[in-house]
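**Student:** Take a look at this one; I'll ask things after.
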């Protein structure tokens with residue numbers, strides 16, 4: 039989070055809280071094999087304007103890397119008690135096969151706001167959220183940031199971990215035990231390495247070890263233990279970061295031995311980076327190419343849980359995929375197609391205002407087998423070429439405009455799994471970027487093919 043926007047709590051009590059991913063291993067009700075993922079998050083635009091919402095948001099993914107926001111990226115439910123908003127939502131499948139959602143009781147960025155409670159919802163299928171309540175965790179004059187839960191099979195209870203400032207004077211990770219997320223045991227210190235630590239995230243029962251990832255200074259580091267006992271975890275890993283980074287989220291691939299570690303940066307605010315490893319025990323991570331993953335727009339502090347094919351299908355049926363798309367650049371994957379001063383270009387995410395990068399792909403104005411790009415925030419305007427430059431103009435109803443604004447989608451010139459767009463009325467030319475500006479040009483070189491390749495996603 040950029041200090042320029044007064045979002046960082048570094049100088050206060052640490053950095054923003056986290057969203058975890060937990061493995062609830064052990065006995066319980068069997069359910070169909072997991073084959074997809076659900077992500078919970080809240081949204082926050084760079085300047086806390088349009089695109090900021092402190093309710094519960096949900097996205098789904100087949101592969102855990104590219105995400106489809108549900109409900110047009112709007113909140114599904116919002117807290118009605120406490121701060122009337124949430125941060126750092128966490129999603130876990132319980133032992134009975136249903137889900138529980140936990141979240142920080144905080145709306146906005148007042149890091150001095152104290153709450154002894156966390157938000158809780160139950161859900162049978164992630165299509166409805168019921169039983170909203172707040173769970174009290176302690177009596178201290180401090181916060182309860184980034185709650186996560188995991189099943190402690192030895193205790194036959196769920197452990198709820200979160201960050202609070204205790205008598206040590208710095209943030210530690212606390213733990214309470216519960217069977218129902220309605221009442222909980224007295225708090226204990228779960229992890230206190232002697233310095234400020236927030237955003238605890240667990241992976242339980244991995245080859246004899248339990249792993250706890252957390253934010254240390256501006257990096258993500260891990261501790262591990264052969265037990266789940268409070269006080270038993272020891273730091274062991276090499277730290278990873280991309281600028282100021284928080285909110286570690288461990289995700290296990292459902293199709294390989296790969297683990298991913300997601301982190302949320304606050305310089306600038308809300309950019310997710312991801313790392314991977316094939317062995318949590320190594321404590322070392324390799325950064326993922328941003329071509330391989332895409333976060334939901336404006337998403338912050340994600341929590342990820344595995345779901346079944348039926349749940350994935352039912353969620354899309356219930357909430358729908360967005361009516362708009364974003365276009366990611368192939369050779370500059372941190373950049374997306376947007377309009378600025380009515381000119382087309384590719385800019386670094388996050389984009390402000392974010393709707394400049396949202397497009398409705400409609401049947402081509404000159405040929406319905408093609409495609410035209412209608413602006414979401416200027417819906418009378420379309421991307422069209424004029425003197426070979428792409429700009430955002432109002433549709434004047436002429437056949438010339440229709441032809442200039444129509445493109446034919448082809449397999450990506452640099453990667454057939456991506457897309458390229460050939461001009462309708464200049465069929466030897468494709469949309470490409472040059473010095474980050476969009477234009478239509480003939481494409482012959484390797485670089486030009488990369489410049490002309492985009493991923494159509496969300």
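In our numbering, the protein residues as written are 39 to 496. Just so you know, even glycine gets a beta-carbon here, dropped at the ideal spot from N, CA and C.
The alpha helix (DSSP H) that contains residue 439, what's its start and end?
**Tutor:** For the purposes of this step, residue 439 is taken as residue 401 along the chain shown, with counting starting at 1. Run containing residue 439: 437 to 442, per the alpha helix (DSSP H) assignment.
**Student:** Tell me the rounded alpha-carbon separation between residue 422 and residue 173.
**Tutor:** Translated into positions along the chain shown, residue 422 becomes position 384. Translated into positions along the chain shown, residue 173 becomes position 135. Near 54 angstroms, if we compare the C-alpha coordinates of residue 173 and residue 422.
**Student:** Hey, could you find the ends of the alpha helix (DSSP H) residue 133 is sitting in?
**Tutor:** Here residue 133 corresponds to residue number 95 of the chain shown, with the count starting at 1. Where residue 133 is concerned, there is no enclosing alpha helix (DSSP H), given that its DSSP letter is neither H nor E.
**Student:** Assuming residue 184 and residue 200 make a contact with CB atoms under 8 angstroms, what is their CB distance in whole Å?
**Tutor:** Residue 184 sits at position 146 when you count from the first residue of the chain shown. Residue 200 sits at position 162 when you count from the first residue of the chain shown. Rounded, the Cβ-Cβ distance is 6 angstroms, consistent with contact.
**Student:** Determine the burial state of residue 492: buried for a count of at least 16 other Cβ atoms within 10 Å of its Cβ, exposed for fewer.
**Tutor:** Along the chain shown, read from residue 1 onward, the residue named residue 492 stands at position 454. By the neighbour-count criterion, in which 16 or more other beta carbons inside 10 Å mark a residue as buried, residue 492 falls on the buried side.
**Student:** Let me know the secondary structure DSSP gives residue 110 once reduced to three states.
**Tutor:** Numbered from its first residue, the chain shown carries residue 110 at position 72. Of the three classes helix, strand and coil, the one that applies to residue 110 here is helix, per DSSP.
**Student:** Taking buried to mean at least 16 other C-beta atoms within 10 Å of its own C-beta, is residue 265 buried or exposed?
**Tutor:** Locating residue 265 in the chain shown gives position 227, where the first residue counts as 1. Exposed, since its Cβ has fewer than 16 Cβ neighbours within 10 Å.
**Student:** Do the region 247 to 259 and the region 276 to 287 touch if we need at least three Cβ pairs shorter than 8 angstroms?
**Tutor:** Verdict: yes, contact present.
**Student:** Within 8 angstroms, do at least three Cβ pairs link the region 129 to 139 to the region 304 to 315?
**Tutor:** The region 304 to 315 is not in contact with the region 129 to 139.
**Student:** Please state whether the Cβ-Cβ distance between residue 81 and residue 87 is less than 8 angstroms.
**Tutor:** On the chain shown, position 43 is the one that residue 81 refers to. On the chain shown, position 49 is the one that residue 87 refers to. No, these two residues do not count as a Cβ contact at 8 angstroms.
**Student:** Tell me the DSSP secondary structure of residue 482 in three-state form.
**Tutor:** Taking the first residue of the chain shown as position 1, residue 482 is located at position 444. Coil.
**Student:** Residue 344 and residue 292: beta carbons closer than 8 angstroms?
**Tutor:** On the chain shown, residue 344 is found 306 positions in, with the first residue counted as 1. On the chain shown, residue 292 is found 254 positions in, with the first residue counted as 1. Going by C-beta atoms, residue 344 is nearer than 8 angstroms to residue 292.
**Student:** Based on Cα-Cα distance, which residue from 304, 482, 252, 271 lies nearest to residue 286?
**Tutor:** Start at 1 with the first residue of the chain shown, and residue 286 comes out as number 248. Considering only alpha carbons, the answer is 252.
**Student:** For residue 239, count neighbouring Cβ atoms within 10 angstroms of its own Cβ and tell me buried if that reaches 16, exposed if not.
**Tutor:** Here residue 239 is taken as the residue at index 201 of the chain shown, counted from 1. That one is buried.
**Student:** Once the 5 residues before and after residue 366 are set aside, which same chain residues still bring their CB inside 7 angstroms of it?
**Tutor:** As a working mapping, residue 366 is identified with position 328 in the chain shown. Result list for residue 366: 332, 374, 492, 493, 495, in chain order.
**Student:** Using CA atoms only, rank isn't needed, just tell me which of 177, 321, 140, 395 is closest to residue 171.
**Tutor:** Here residue 171 corresponds to residue number 133 of the chain shown, with the count starting at 1. The shortest Cα separation from residue 171 among 177, 321, 140, 395 belongs to 140.
**Student:** Helix, strand or coil for residue 416? Go by DSSP, reduced to three states.
**Tutor:** As a first step, residue 416 must be located in the chain shown, where it is residue number 378. Correct three-state label for residue 416: coil.
**Student:** Residue 412: buried (16+ other C-beta within 10 angstroms of its C-beta) or exposed?
**Tutor:** For the purposes of this step, residue 412 is taken as the residue at position 374 of the chain shown. So residue 412 counts as buried.
**Student:** For the region 351 to 370 against the region 100 to 115, are there 3 or more C-beta pairs whose distance is under 8 angstroms?
**Tutor:** yes
**Student:** Could you check if residue 415 is buried or exposed, using at least 16 other CB atoms within 10 Å of its CB as the buried criterion?
**Tutor:** On the chain shown, position 377 is the one that residue 415 refers to. Residue 415 is exposed by the Cβ-count criterion.
**Student:** My output table needs one value for residue 448: the three-state DSSP class, helix, strand or coil.
**Tutor:** What you label residue 448 is simply residue 410 of the chain shown in a count that begins at 1. Strand at residue 448.
**Student:** For residue 303, which residues from the same chain have a beta carbon less than 7 angstroms from its beta carbon, with the 5 sequence-adjacent residues on both sides left out?
**Tutor:** Taking the chain shown and counting its residues from 1, the one referred to as residue 303 is at position 265. Around residue 303: 280, 281, 282, 283, 309, 311.
**Student:** Which residues in the same chain as residue 396 place their Cβ atom closer than 6 angstroms to its Cβ, once the five residues preceding and following it in sequence are excluded?
**Tutor:** As a first step, residue 396 must be located in the chain shown, where it is residue number 358. Cβ neighbours of residue 396 beyond the five flanking positions: 362, 414.
**Student:** Roughly how many angstroms separate the alpha carbons of residue 160 and residue 242, rounded to a whole number?
**Tutor:** The residue given as residue 160 occupies position 122 in the chain shown. The residue given as residue 242 occupies position 204 in the chain shown. Annotation: residue 160 to residue 242 spans about 22 angstroms, alpha carbon to alpha carbon.
**Student:** Identify, in the order they occur along the chain, each residue of the same chain with its Cβ nearer than 6 angstroms to the Cβ of residue 180, setting aside the five sequence neighbours on each side.
**Tutor:** Locating residue 180 in the chain shown gives position 142, where the first residue counts as 1. Same-chain partners within the cutoff: 152, 202, 203.
**Student:** Taking one C-beta from the region 293 to 302 and one from the region 266 to 274 each time, how about it: are there three or more such pairs within less than 8 angstroms?
**Tutor:** no
**Student:** So residue 452 and residue 368 are supposed to be a Cβ contact under 8 angstroms. How far apart are they, rounded?
**Tutor:** As a position in the chain shown, residue 452 is number 414, starting the count at 1. As a position in the chain shown, residue 368 is number 330, starting the count at 1. The pair is a contact, with the Cβ atoms about 5 angstroms apart (cut-off 8 angstroms).
**Student:** Could you tell me if residue 482 is buried or exposed, where buried requires 16 or more neighbouring beta carbons within 10 angstroms of its beta carbon?
**Tutor:** The residue labelled residue 482 in the question sits at position 444 within the chain shown. The residue is exposed, with fewer than 16 neighbouring Cβ atoms inside 10 Å.
**Student:** So, helix, strand or coil for residue 356, using DSSP?
**Tutor:** Translated into the one-based positions of the chain shown, residue 356 becomes position 318. If DSSP states are grouped into helix, strand and coil, residue 356 belongs with the helices.
**Student:** Going along the chain, which residues of its own chain have a beta-carbon closer than 6 angstroms to the beta-carbon of residue 298, five neighbours each way excluded?
**Tutor:** Taking the chain shown and counting its residues from 1, the one referred to as residue 298 is at position 260. Only 289, 312, 314 meet the Cβ criterion.
**Student:** DSSP puts residue 513 in a beta bridge; with which residues?
**Tutor:** Outside the modelled stretch of the chain, which goes from 39 to 496, sits residue 513, for which no answer is possible.
**Student:** In the DSSP assignment, what are the bridge partners of residue 487?
**Tutor:** Position 449 of the chain shown, counted from the start, is the residue given in the question as residue 487. DSSP lists no partner for residue 487.
**Student:** Just to confirm before moving on: does the CB-CB distance between residue 187 and residue 138 stay below 8 angstroms?
**Tutor:** By 1-based counting over the chain shown, the position of residue 187 is 149. By 1-based counting over the chain shown, the position of residue 138 is 100. It is a contact, given that the beta carbons lie within the stated cut-off.
**Student:** Using a Cβ-Cβ distance cut-off of 8 angstroms, determine whether residue 357 contacts chain B.
**Tutor:** Included in the structure is just one protein chain, with no chain B present.
**Student:** Look at the alpha carbon of residue 85 and the alpha carbon of residue 236, and state the distance between them as a whole number of angstroms.
**Tutor:** On the chain shown, residue 85 is found 47 positions in, with the first residue counted as 1. On the chain shown, residue 236 is found 198 positions in, with the first residue counted as 1. Going from the Cα of residue 85 to the Cα of residue 236 covers about 24 angstroms.
**Student:** Within the region 175 to 220, note down every full alpha helix (DSSP H) run reaching 4 residues or more, in order along the chain.
**Tutor:** none
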